[in-house]
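The sequence shown begins at 26 in my numbering and counts up by one.
Only one structure is covered here, and it is reproduced in the block below.
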Amino acid sequence: MMKNIVLASALVATLASCTATEQGTAIGAGSGAIIGGVVTNSWGGAAVGAVAGGLVGALIGRSTEHRGYCIYRDRYGRRYEARCR
Numbered sequence: 026m027m028k029n030i031v032l033a034s035a036l037v038a039t040l041a042s043c044t045a046t047e048q049g050t051a052i053g054a055g056s057g058a059i060i061g062g063v064v065t066n067s068w069g070g071a072a073v074g075a076v077a078g079g080l081v082g083a084l085i086g087r088s089t090e091h092r093g094y095c096i097y098r099d100r101y102g103r104r105y106e107a108r109c110r
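Structure (structure tokens):
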């Protein structure tokens, strides 16, 4: 029991120092690995789930870092970020 508490505390402390993108990637990869492993009952499924979850988590984490910014297109079709109107 004490070993689990120490392990959980270490994990929380590690994630606390990360950016939102890094936290999202770690949480997504971990969740994806668990779900993929349970659904397929194999290590391969866990690996695929970890990759997919990591990508989705990174996208979600990145979107929270740029709060208040929107993506616009100029008259030439180029994309740029600026404060939302």
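Each residue gets a CB set at the ideal place from its N, CA and C atoms; glycine is no exception.
When the Cα atoms are used, what is the spatial distance from G82 to V63?
One-based indexing of the sequence shown puts residue 82 at position 57. One-based indexing of the sequence shown puts residue 63 at position 38. Rounded to whole angstroms, G82 to V63 spans 19 Å at the Cα level.
Closer than 8 Å, CB to CB, is A51 near chain B or not?
In summary, chain B is missing from the structure at hand, where a single protein chain is found.
Quick one: give me the first and last residue of the beta strand (DSSP E) that R98 is part of.
Reading the sequence shown from its first residue, position 73 is the one you call residue 98. Counting along the chain, the beta strand (DSSP E) containing R98 begins and ends at Y94 to R98.
In this structure, does DSSP put R104 in helix, strand or coil?
Counted from its first residue, the sequence shown places residue 104 at position 79. Of the three classes helix, strand and coil, the one that applies to R104 here is strand, per DSSP.
Whose C-alpha, out of G69, G93 and G74, is nearest the C-alpha of A51?
Counting from 1 along the sequence shown, the entry for residue 51 is found at position 26. It is G74 whose Cα lies nearest to the Cα of A51.
For G69, does the count of other Cβ atoms within 10 angstroms reach 16, so buried, or fall short, so exposed?
Taking the first residue of the sequence shown as 1, we reach residue 69 at position 44. It counts as exposed.
How would you call G78, buried or exposed, if buried means at least 16 neighbouring beta carbons within 10 angstroms?
Here the question's residue 78 lines up with position 53 in the sequence shown. So G78 ends up on the buried side.
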